Each structure stands twice: as C-alpha cells, then as structure tokens.
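If you want my numbering, it's the position in the sequence shown, counting the first as 1, plus 2. Even glycine gets a Cβ: it sits at the ideal position worked out from N, Cα and C. These numbers were taken from a predicted model, which means no experiment stands behind them. Heads up: the structure comes next, in structure tokens.
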Amino acid sequence: MMSVNVILLEKVENLGVIGDTVSVKPGYARNFLLPQGKALRATSDNIAYFEKEKAAIEKVNADKRAEAEKVAKNLEGLTVNIIRQASEGGQLYGAINARDIAEAVSEKGTKIRRGMVDMNQTFKTIGLFDVNVILHPEVIVSVQLNVARSEDEAAIQLETGEAAIVDHQAENAVEVPEAVEEATAEVAEELLEESALKAKQAAEEAEAQAAAEEAKKAAEEAAKAEAQAETAEQEEAAEEASEEETKDA
3 MMSVNVILLE KVENLGVIGD TVSVKPGYAR NFLLPQGKAL RATSDNIAYF
53 EKEKAAIEKV NADKRAEAEK VAKNLEGLTV NIIRQASEGG QLYGAINARD
103 IAEAVSEKGT KIRRGMVDMN QTFKTIGLFD VNVILHPEVI VSVQLNVARS
153 EDEAAIQLET GEAAIVDHQA ENAVEVPEAV EEATAEVAEE LLEESALKAK
203 QAAEEAEAQA AAEEAKKAAE EAAKAEAQAE TAEQEEAAEE ASEEETKDA
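Encoded structure:
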C-alpha cells in the first residue's frame, strides 16, 4: 500500500517524537498530521528546514509543554457534574459529547477546548467515569465525570463512589427470585391439574372401553346360545318328523 514519509514536529502517540521521520498512509498525513501542524512532508527542502529550525521548534514545544503542565495541576483530582435525564434504570436519554465535557471543565475555572477531550468511550448511563484531557502530546491529565439525574444524586454518587442505580438493581435482584418462585408454583399447579385431568380422562376412556368389550362379549355369548338353541329345536323337530313317518309306515 502506498505511504508517504513525514517529519514529526511534536510527539504523536504510537508514531514517534519530534524530529522522527516516519512512514504513514497518505490519508492520515493529508487529513490529520499536516493540517494540524504535527508534521511536514519529508521533502529535501523540509528536511533542510527542520535541521535549520530544530532548536527553535524544540524550544516552542518545551514552552507549550511547561504551560500544559501548569494547567494539568489545576485539573488534577477534578470532578465535574453533568446533569442529564435518564430512565429509572439509569439509561441516559441523550448523548454526552466532547463539547459538554469541555464546557463542564471550563466552568470550574480552567478553560479547555473540546478537541482536548479524549472521547475513547461512550456514556450511556449515569455514574462516575474517568476522562483523559490531552493538554499537550506529552501532558495528559484525567478528570472525573459525574453523570447524574440531579445535583443531589451526583453528590450521593460522589460520596459512595458508585452509580445511583446499584442499590436499585440489588433490590430487583432480591425480588426476582420470589417472583420466579411464585410463577414456578403456578406453573407446577397448572401442570398437576392438567395431569390429573388427563389421568381422569384416561380412566374414563379405559372404563368405557372395558364396558364396551364386556357388552360385546355378552352379545356374542347370547348369539351363540341362541344359535345353539335354534339348532337343538331343528334337531328335535327332525326327530319328531322321523318318528311320525315310522308310525305311518
């Protein structure tokens, strides 16, 4: 893949420090490093320029770093509140962006730009979050973000060090087994009733079948007896007829 060589004018995370010549993707150089003054294209003219101005460039960077370190001292241990609407379960109804955080920090007396806020995470619930503020490539300070539904709730979260939804979740966790137990008992009762009903139906069906079979057997025996009686009558009639013929002879 094509790449371009650039000279870094300041430290760039995961890339290098001032004076390093590095190879990067053209889009990264064109859209980020060059327009933000973090690097120069490593042409022969720019290399010569950097070598000539290296001391001045390093001094400017050192001055900016020193100023950033002063600001960092004001931000160390800082907690800022951001009040937002949220559901009972703590889910936020709106997003929190870099501008919101920068304004909340600036209201505490130390001005920062939204571009300094490292948005490496999203905020979807109330609670306490650590957010990095990049004051200089070599000076990064963490501030605490306290997202709550009210100032009172923010105070509770700060005191306990936990999101205000923790106790509510624990309460639900206690109630759930009881609800499950009740539901299970109801289901078991329904199953027992259904099982008893099926057993009763099976018994009735078996009883009816036995009665039908017994009736069928009785009918067969009655028919057999009737047939035997008819045969006997026929035989008796035949004998009487034979006797009459003998007498006549």
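{"Asked": "Proximity below 9 Å, CB of V135 to CB of V143", "Found": "yes"}
{"Asked": "Those residues which DSSP pairs with T127 across a bridge", "Found": "Q93"}
{"Asked": "Contact with chain D by A64, beta-carbon distance below 9 Å", "Found": "Among the chains of the structure shown, chain D does not appear; only one protein chain is present."}
{"Asked": "Secondary structure, alpha helix (DSSP H): runs of 4+ residues fully inside the segment 36-97", "Found": "46-77"}
{"Asked": "First through last residue of the alpha helix (DSSP H) which encompasses I167", "Found": "Segment: none, I167 is in no alpha helix (DSSP H) and carries neither H nor E."}
{"Asked": "Terminal residues of the alpha helix (DSSP H) in which V107 lies", "Found": "A100 to S108"}
{"Asked": "Sequence-distant residues of its chain with Cβ nearer than 7 Å to L11 (five each side left out)", "Found": "I20, G39, K40, A41, L42 and I59"}
{"Asked": "Under the three-state DSSP convention, the category Y30 falls into", "Found": "helix"}
{"Asked": "Neighbourhood of M4 by C-beta distance below 7 Å, restricted to the same chain and skipping five residues each side", "Found": "P28"}
{"Asked": "Range covered by the beta strand (DSSP E) that runs through L10", "Found": "V6 to L10"}
{"Asked": "A44 to A50 span [Cα, whole Å]", "Found": "10 Å"}
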